[in-house]
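Counting in the working numbering, the sequence shown runs from 281 upward without gaps. Where is the CB? At the ideal position from N, CA and C, for every residue including glycine. Since the model is a prediction, treat every value here as computed from it, not as a measurement.
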Amino acid sequence: MTTHHEQPVVDLHAVFRQNEESEWIELIHTPGERYRIRVKGEDTNGTYSLIEVIMDPKNEPPYGPMLHIHQRTDEIFRILEGKARFHVNGAEFNAEVGDIVTIPKGTPHAFANFGDSRLHVQIMFTPGGEEAFWQSINGLPLDQMEEACKTFHVLIVGPPLHK
């Protein structure tokens with residue numbers, strides 16, 4: 281006998297965003313970095329959200345975010361331009377154009393641009409909603425950032441990557 285379970289009806293819709301529709305926002309605590317939200321979690325009923333990050337080449341730190349753990353979201357990185365240096369769960373490696381890096385929730389990680397050209401990455405978060413985290417921490421003094429991160433289930437566990 282087959283059992284049928286009713287699924288709740290959700291108002292799902294396709295999302296189309298032209299490239300110029302998404303505004304770039306400077307990350308105040310890491311000069312030379314900017315992000316834009318391409319798809320919000322609310323657009324996908326919380327299934328995923330999608331952002332892009334550009335990191336200009338720099339001669340001094342910080343070269344990227346602090347070593348951190350997302351407790352509730354998986355991250356999928358796609359390198360669109362440049363080369364990223366990743367630290368994932370104790371291992372370090374480079375990812376180049378076209379490469380994909382998946383980071384399960386609960387995994388310590390950081391990434392950086394140590395190259396001579398800009399780094400452009402696309403990051404998908406699942407479940408969605410992580411864009412609210414990016415918006416909430418931008419402009420916070422570093423001494424307030426760790427506590428703000430905790431409200432979004434993100435733990436700071438170490439410094440940014442260094443050359």
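| query | Just how far apart, CA to CA, sit E313 and H293? | reply | Indexing the sequence shown from 1 puts residue 313 at position 33. Indexing the sequence shown from 1 puts residue 293 at position 13. If you take the alpha carbons of E313 and H293, they lie about 31 Å apart.
| task | Throw me the rounded Cβ distance for the P345 and A412 pair, which I believe falls under 8 Å. | result | For this step, residue 345 is matched to residue 65 along the sequence shown. For this step, residue 412 is matched to residue 132 along the sequence shown. Actually they do not touch by this definition, with Cβ atoms about 16 Å apart.
| query | Can we say the region 346 to 357 touches the region 421 to 439, given the rule of at least three CB pairs closer than 8 Å? | reply | yes
| said: Comparing C-alpha positions only, which one of G370, N393, R358, F296 sits nearest to T387? | reply: Taking the first residue of the sequence shown as 1, we reach residue 387 at position 107. It is G370 whose Cα lies nearest to the Cα of T387.
| query | Would you call the CB atoms of F394 and R365 closer than 8 Å? | reply | The residue given as residue 394 occupies position 114 in the sequence shown. The residue given as residue 365 occupies position 85 in the sequence shown. For F394 and R365, yes; Cβs fall inside 8 Å.
| request: Measure the alpha-carbon distance for K338 versus T324 and round it to whole angstroms. | output: On the sequence shown, residue 338 is found 58 positions in, with the first residue counted as 1. On the sequence shown, residue 324 is found 44 positions in, with the first residue counted as 1. Roughly 35 Å separates the two Cα atoms.
| field | Coil, strand or helix - T327 by DSSP | value | Working through the sequence shown from its first residue, we reach residue 327 at position 47. Coil.
| Start and end residues, alpha helix (DSSP H) containing K430 | Walking along the sequence shown from the start, residue 430 turns up at place 150. Where K430 is concerned, the enclosing alpha helix (DSSP H) stretches over 422 to 431.
| Would a C-beta distance cut-off of 8 Å place E355 and V377 closer than the cut-off? | Numbered from 1 along the sequence shown, position 75 holds the residue referred to as residue 355. Numbered from 1 along the sequence shown, position 97 holds the residue referred to as residue 377. No, Cβ-Cβ distance for E355 and V377 is not below 8 Å.
| query | Thinking C-alpha only, which one of E300, L307, F296 is nearest W414? | reply | The sequence position of residue 414 within the sequence shown is 134, counting from 1. Here the closest residue by C-alpha is L307.
| field | Same chain, Cβ closer than 8 Å to E332, neighbours up to 5 away in sequence not counted | value | In the sequence shown, counting from the first residue as 1, residue 332 sits at position 52. If we look at E332 and ignore the five residues flanking it on each side, its Cβ neighbours are S302, Y315, R316, R318, L360, H400, V401, Q402, I403.
| query | Is DSSP giving P440 helix, strand or coil here? | reply | In the sequence shown, residue 440 corresponds to position 160, counting from 1. Correct three-state label for P440: strand.
| query | Looking only at its own chain, which residues have a Cβ that is under 6 Å from the Cβ of F432, when we skip the five neighbours before and after it? | reply | The residue you call residue 432 lines up with position 152 of the sequence shown. Hits under 6 Å: F413.
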